[in-house]
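Residue numbers (the numbering used here): 316 to 569. See below for the structure under consideration.
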Amino acid sequence: MSISKETELIGMKKASEAVAYTLKEMRDYAQPGMTTKQLDDYGAKILSGFGAKSAPHLTYGFPGWTCISVNNEFCHGIPSDNSILKEGDLINIDVSAELDGFWSDNGGSFVLGEDINQHQKLINASKQILHKAIYNIKGGVRISDIGHLIETEAKKRGYKVVKNLTGHGIGRSLHEEPSEIANYRDRFNLTRFKKNAVVAIETFISTASTYAETLNDGWTMVGNKGGFMAQHEHTIVVTDGKPIVLTEMNEIWN
């Protein structure tokens with residue numbers, strides 16, 4: 316969507332506050348011995364406290380309120396009673412929701428407890444790259460140039476990007492134009508960011524894989540060459556200068 320009046324910005328801020336606060340609280344609540352279903356139920360309670368509805372559930376009939384992916388799962392992990400969190404796990408939580416007709420999306424990867432499996436370096440890379448990408452976005456900038464920046468920064472640190480997972484426009488529904496904000500230079504994408512547009516910018520930084528493949532459950536995605544992936548995501552409003560980071564309250568950069 317494009318923000319054309321103050322009420323739209325207020326609506327986007329409220330929806331973004333709901334998903335950002337939920338993500339932050341879920342991250343703080345997660346602990347070893349807990350199931351991903353317990354963690355998801357906790358997130359669902361917080362969302363409903365805001366009056367917000369789970370976007371993946373509403374849009375796609377996703378079998379959970381939030382996406383929780385653990386270790387080799389890259390994204391769209393289904394919360395389950397059988398998935399028990401352990402010390403040192405690489406966890407990704409993605410929270411998107413609708414509130415009063417406005418939609419917002421955010422996500423973040425983190426290590427549960429002590430970093431016994433050495434995932435923190437990958438997570439830090441993803442966070443830093445997202446920060447650099449977002450603060451290079453303004454009206455008129457080519458979407459493919461931001462993709463190039465993300466891939467270049469990943470390579471510098473010895474990582475790869477996942478090419479078939481992308482950021483996207485958002486606002487009046489979960490996925491809008493621009494439909495693909497890739498993590499690499501897509502030479503066929505000649506579109507530019509537009510001032511006042513609302514977009515969800517995501518990094519998909521990986522240790523080994525460049526494509527994500529869907530498992531038999533129809534949702535969970537893993538790498539085509541295995542390994543691990545870190546994702547971080549903010550919903551922003553594009554301006555002529557610094558973007559407005561609507562989901563800043565999730566504190567993924569702290």
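All C-beta atoms, glycine included, are put in the ideal place defined by N, C-alpha and C.
As DSSP reads the structure, Asn-407 sits in a beta bridge with Ser-384 and Ser-424. Two segments are said to touch when three or more pairs of C-beta atoms, one from each, lie closer than 8 angstroms; by this definition the stretch 380 to 392 does not touch the stretch 481 to 490. Of the candidates Lys-436, Ala-345 and Leu-489, Lys-436 places its Cα closest to the Cα of Phe-543. Excluding the 5 residues flanking it on each side, Val-560 has same chain C-beta neighbours closer than 6 angstroms at His-549 and Ile-551, in chain order. The residues Lys-453, Gly-454 and Lys-510, in chain order, have a CB closer than 7 angstroms to that of Asp-555 in the same chain once the five nearest residues on each side in sequence are set aside. Restricting attention to Ala-367, Val-476 and Ser-524, the CA atom closest to the CA of Lys-328 is found in Ala-367.
In the displayed model, His-483 falls within a strand according to three-state DSSP. In the three-state DSSP reduction, Gly-538 falls in the strand class (E or B). By the Cβ test, the stretch 350 to 367 is in contact with the stretch 392 to 404, since at least three Cβ pairs between them sit closer than 8 angstroms.
When DSSP assignments are scanned along the stretch 502 to 539, the uninterrupted stretches of beta strand (DSSP E) that are 3 or more residues long and fall wholly within it turn out to be 513 to 521, 527 to 529 and 536 to 538.
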